[in-house]
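Residue numbers (my numbering), protein chains in the order written: chain D, 13 to 121; chain Y, 156 to 272.
Shown next, in the form of structure tokens:
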């Protein structure tokens, strides 16, 4: 079993829809990261959180430490949100990040 | 600011050849990392460095070497290229404030797409 599981693997939405991407993990962590990988390949850090909720524009990230679960929400989705969203947890044996396989989001106009 | 710069962006190597992937950052970050991303898999840590002169192995270090002579540069060397090293390689960096190097946002380069034929 992977230490970091994301769902769904693929997601297609219509512009304007509310989107939720889930991340579950099985190890103890000190922080959880959400990253965005653009179609061209570049990776950008969106959020880092260890408790509660963070919001940046139309993106909201939440984490429940007790349930070992995090969600990334996108409100009023737009085609420019099309990307792969990656969850990573700071829980490796060397203090390193453990990455999920990513969720590929496609938002249709 | 350039952030994290990786060169080259693309490269094709023959089996057994050697090459160095370059990585430079201008944010004065102490922590730097090399990852590889294989299709359908999460990023895997190859090597990391917590400062100039200090490097350590990650999850998948075999077949690679690194050095960190300056804060800015963190090159990754492949000595004898093998088809299993075909991948996309990402360099990243992060600051040191707050405990633990995985507790800071990481800044990624644009990646190097490497094919070994």
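By construction, the Cβ of each residue, glycine as well, lies at the ideal position given by its N, Cα and C atoms.
Here the structure is a predicted model, which is why all the values come from computation and not from measurement.
Rounded distance between the beta-carbons of residue j and residue i, thought under 8 Å
i: residue 277 of chain Y; j: residue 227 of chain Y; result: The structure shown has nothing for residue 277 of chain Y, since chain Y only spans 156 to 272.
i: residue 223 of chain Y; j: residue 208 of chain Y; result: 6 Å
i: residue 53 of chain D; j: residue 243 of chain Y; result: 7 Å
i: residue 16 of chain D; j: residue 112 of chain D; result: 4 Å
i: residue 274 of chain Y; j: residue 237 of chain Y; result: The first residue shown for chain Y is 156 and the last is 272, placing residue 274 of chain Y beyond what the model contains.
i: residue 27 of chain D; j: residue 81 of chain D; result: The pair is not a contact, with the Cβ atoms about 28 Å apart (cut-off 8 Å).
i: residue 118 of chain D; j: residue 258 of chain Y; result: Actually they are not in contact, since the Cβ atoms of residue 118 of chain D and residue 258 of chain Y sit about 32 Å apart, beyond 8 Å.
i: residue 100 of chain D; j: residue 110 of chain D; result: 6 Å
Endpoints, beta strand (DSSP E) assigned at residue i
i: residue 120 of chain D; result: 115-120
i: residue 182 of chain Y; result: Looking at the DSSP string, residue 182 of chain Y is not in any beta strand (DSSP E), and its letter there is neither H nor E.
i: residue 18 of chain D; result: 16-19
i: residue 81 of chain D; result: 81-86
i: residue 226 of chain Y; result: Where residue 226 of chain Y is concerned, there is no enclosing beta strand (DSSP E), given that its DSSP letter is neither H nor E.
i: residue 78 of chain D; result: No beta strand (DSSP E) contains residue 78 of chain D, which DSSP labels as neither H nor E.
i: residue 245 of chain Y; result: 242-249
i: residue 165 of chain Y; result: 165-168
i: residue 68 of chain D; result: 64-68
i: residue 22 of chain D; result: 22-26
i: residue 93 of chain D; result: Residue 93 of chain D -> no beta strand (DSSP E), and no H or E assigned at all.
i: residue 60 of chain D; result: 55-61
i: residue 111 of chain D; result: 109-111
i: residue 206 of chain Y; result: 199-206
i: residue 34 of chain D; result: 31-37
i: residue 159 of chain Y; result: 159-162
i: residue 49 of chain D; result: 44-49
i: residue 211 of chain Y; result: 209-212
i: residue 270 of chain Y; result: 267-271
i: residue 233 of chain Y; result: 231-233
Proximal residues to residue i (C-beta, below 6 Å), its chain only, five neighbours per side dropped
i: residue 162 of chain Y; result: 177
i: residue 74 of chain D; result: 65 and 83
i: residue 22 of chain D; result: 116
i: residue 33 of chain D; result: 84, 97 and 115
i: residue 250 of chain Y; result: 184 and 259
Residue i Cβ short of 7 Å to the ligand MN heavy atom set
i: residue 224 of chain Y; result: Among the components modelled here there is no ligand, and therefore nothing to report on the ligand MN.
Contacting residues, own chain, Cβ-Cβ under 7 Å from residue i (five flanking each side not counted)
i: residue 166 of chain Y; result: 174, 267 and 269
i: residue 241 of chain Y; result: 269, 270 and 271
i: residue 192 of chain Y; result: 198, 242, 243 and 245
i: residue 20 of chain D; result: 115
CB contact check: residue i to chain C, cutoff 8 Å
i: residue 96 of chain D; result: In the structure shown, chain C cannot be found, because the protein chains are D and Y.
Residues of its chain near residue i, where Cβ-Cβ distance is below 8 Å and the 5 sequence neighbours each way are ignored
i: residue 211 of chain Y; result: 202, 203, 204 and 205
i: residue 215 of chain Y; result: 191, 199, 200 and 201
i: residue 230 of chain Y; result: 175, 176, 177, 178, 221 and 222
Just checking, does the segment 60-78 of chain D make contact with the segment 34-46 of chain D on the three C-beta pairs under 8 Å criterion? yes
If you pair each beta-carbon of the segment 63-78 of chain D with each one of the segment 156-167 of chain Y, do three or more pairs fall below 8 Å? no
Taking Cβ-Cβ distances below 8 Å as the criterion, which residues of the segment 54-67 of chain D are in contact with chain Y? Residues 54, 55, 56, 57, 60 and 62.
Members of the segment 175-201 of chain Y that neighbour chain D once the beta carbon cut-off is set at 9 Å: Result list: 188, 190, 192, 195, 196, 197, 198, 199 and 200.
Contacting positions in the segment 209-221 of chain Y - beta carbon closer than 9 Å to chain D: 211, 212, 213 and 214
Check each residue of the segment 257-269 of chain Y: if its Cβ is closer than 9 Å to any Cβ of chain D, include it; give the result in chain order. Within the segment 257-269 of chain Y, 257, 258, 259, 260, 261, 262, 263, 264, 265, 266 and 268 place their CB atoms closer than 9 Å to a CB of chain D, listed in sequence order.
Residues within the segment 158-173 of chain Y neighbouring chain D, beta-carbon criterion of under 8 Å: If the cut-off is 8 Å between Cβ atoms, the segment 158-173 of chain Y has nothing near chain D.
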